[in-house]
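Enquirer: Residues 26 to 124 in the working numbering are what the sequence shown spells out, letter by letter.
We put the beta carbon where it would ideally sit given N, CA and C, even for glycine.
Just so it is clear, the structure is predicted and the values come from calculations on it, not from any experiment.
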Amino acid sequence: MWIQQKSTPAPLDELQGHTVGLKFECNQCHTEVFTDSIGVPAADHLANSTEDDGQYEKEEIKCPGCDMTHEITVKSTFEGVTFDVSEVQPESVSYQLNH
26 MWIQQKSTPA PLDELQGHTV GLKFECNQCH TEVFTDSIGV PAADHLANST EDDGQYEKEE
86 IKCPGCDMTH EITVKSTFEG VTFDVSEVQP ESVSYQLNH
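1) If you draw a straight line from the C-alpha of residue 44 to the C-alpha of residue 90, how long is it?
2) Give the DSSP-derived three-state secondary structure of residue 85 in the structure shown.
3) Can you tell which of 53, 46, 56 and 54 has its C-alpha closest to the C-alpha of residue 63?
4) Just verifying my parser: in three-state terms, what is the DSSP assignment at residue 112?
5) When the Cα of residue 48 is compared with those of 42, 123 and 57, which residue comes out closest?
6) Just how far apart, CA to CA, sit residue 116 and residue 65?
7) Look at residue 60 and residue 86 and say whether their C-beta atoms are less than 8 Å apart.
8) Taking the Cβ atom as the reference point for each residue, do residue 33 and residue 68 lie within a distance shorter than 8 Å?
9) Going by DSSP in three states, residue 62 sits in which element: helix, strand or coil?
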């Protein structure tokens, strides 16, 4: 089941240690793009501050419609998980948990 990313981070306890698939619409050619499985990193429990608690997973994916390269950043903090896709509006990104 696809879950649209909200303005608040996704629940860390549901996603941490799992892999997710993302889908989004390419901002250039409006093709729906699906990623392979991306690991969700754990938040850094040894961080000195809340600004420093993020762990990142970065990937790149090429749009099959126009060959534009999108950079995907999965960031885990104690507040939750966010999925950032370059050049794409955050609310157009959806995710689903892979089992």
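Expert: With the structure as the only source:
1) For this step, residue 44 is matched to residue 19 along the sequence shown. For this step, residue 90 is matched to residue 65 along the sequence shown. When rounded, the distance between both Cα atoms is 25 Å.
2) Translated into the one-based positions of the sequence shown, residue 85 becomes position 60. Strand.
3) The residue you call residue 63 lines up with position 38 of the sequence shown. Of the listed residues, the one whose Cα sits closest to residue 63 is 46.
4) Within the sequence shown, residue 112 is the residue found at index 87, counting from 1. Note: residue 112 maps to coil in three-state DSSP.
5) Within the sequence shown, residue 48 is the residue found at index 23, counting from 1. Per the Cα distances, 57.
6) Taking the first residue of the sequence shown as position 1, residue 116 is located at position 91. Taking the first residue of the sequence shown as position 1, residue 65 is located at position 40. Rounded to the nearest angstrom, the two C-alpha atoms are 19 Å apart.
7) For this step, residue 60 is matched to residue 35 along the sequence shown. For this step, residue 86 is matched to residue 61 along the sequence shown. Contact flag set, yes.
8) Residue 33 sits at position 8 when you count from the first residue of the sequence shown. Residue 68 sits at position 43 when you count from the first residue of the sequence shown. Not in contact: residue 33 and residue 68 (Cβ atoms no closer than 8 Å).
9) Walking along the sequence shown from the start, residue 62 turns up at place 37. Three-state DSSP puts residue 62 in coil, outside helix and strand.
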